[in-house]
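Read the structure below first, then the notes.
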Amino acid sequence: GQQVMQIPQYQHVQEGEDFTTYCNSSTTLSNIQWYKQRPGGHPVFLIQLVKSGEVKKQKRLTFQFGEAKKNSSLHITATQTTDVGTYFCAGGGYGGSQGNLIFGKGTKLSVKP
Amino acid sequence: NAGVMQNPRHLVRRRGQEARLRCSPMKGHSHVYWYRQLPEEGLKFMVYLQKENIIDESGMPKERFSAEFPKEGPSILRIQQVVRGDSAAYFCASSPPRQIYNEQFFGPGTRLTVL
Chain A
21 GQQVMQIPQY QHVQEGEDFT TYCNSSTTLS NIQWYKQRPG GHPVFLIQLV KSGEVKKQKR
81 LTFQFGEAKK NSSLHITATQ TTDVGTYFCA GGGYGGSQGN LIFGKGTKLS VKP
Chain B
725 NAGVMQNPRH LVRRRGQEAR LRCSPMKGHS HVYWYRQLPE EGLKFMVYLQ KENIIDESGM
785 PKERFSAEFP KEGPSILRIQ QVVRGDSAAY FCASSPPRQI YNEQFFGPGT RLTVL
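Protein chains in written order, with my numbering: chain A, 21 to 133; chain B, 725 to 839.
Next up, the structure:
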């Protein structure tokens, strides 16, 4: 079945450093979504990418969707302590599996002040 | 507009008991998804429901687990004869009527502990 792999599993950075997490799917995705989960909290939607090669920015966050629609990345510039949390990518399939998302295991980001 | 509501937030059960987890989607949302999350793990899809219909239950264990989303009332995830391995956080998410590739809005989760 469809699998979504995410690396790294953990990332520790100094405040002000950049951070990137990568997501790879075993199959072509209809769309990819990114979520953030704070410690003890629930996932919160960040963004959705649909088009091949799409790039979207939200302030210090840059999201990319690969040309083949099988991989994606999230890059945070100049991390802040408020960026702490686990970042999940979630891939959507086609046809009957459009409705549900397959989540990666997440990248847990810690930021040292 | 209230967000997705789940109750209870914490549930303790002894082995062999039943656990019932409730999810009220956001107003206007007709699609509900259930996920399970183990500590330090990602979210594992369990089931996708619309009102009175199970659309995809490919992630649901074949035994002891069931889900429903009745015409009236919340969606229910039921776990019968719970075992210690069922201890996890269970998140419900909802999305509006099918447009295309909807984002999902998550509830606060139910933390189930099986003693």
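Note that beta-carbon positions come from the ideal geometry of N, C-alpha and C, so glycine has one too. All figures in this text were calculated on a predicted structure; none of them were measured in a lab.
- Within chain A, the residues placing a beta-carbon under 8 Å from that of F769 (chain B) are N120, L121, I122, F123, ordered along the chain.
- Interface criterion not met: the Cβ of Q22 (chain A) is under 8 Å from no Cβ in chain B.
- For G112 (chain A), the pairing in a beta bridge is given by DSSP as A:N51, A:L121.
- Separation of the CB atoms of K76 (chain A) and N44 (chain A) is rounded to 19 Å, and the pair is thereby denied contact status at 8 Å.
- By the beta-carbon neighbour count (other beta carbons within 10 angstroms, threshold 16), D810 (chain B) is buried.
- Cβ contact annotation for I122 (chain A) (same chain, cutoff 6 Å, sequence separation greater than five): Q22, V24, G111, in chain order.
- In terms of beta-carbon proximity, H95 (chain A) stays away from the interface with chain B, with every pair separated by 8 Å or more.
- Proximity of chain A to P832 (chain B) at the Cβ level (cut-off 7 Å) is accounted for by H62, in chain order.
- Chain B places no beta carbon closer than 8 Å to that of F83 (chain A), leaving this residue out of the contacts.
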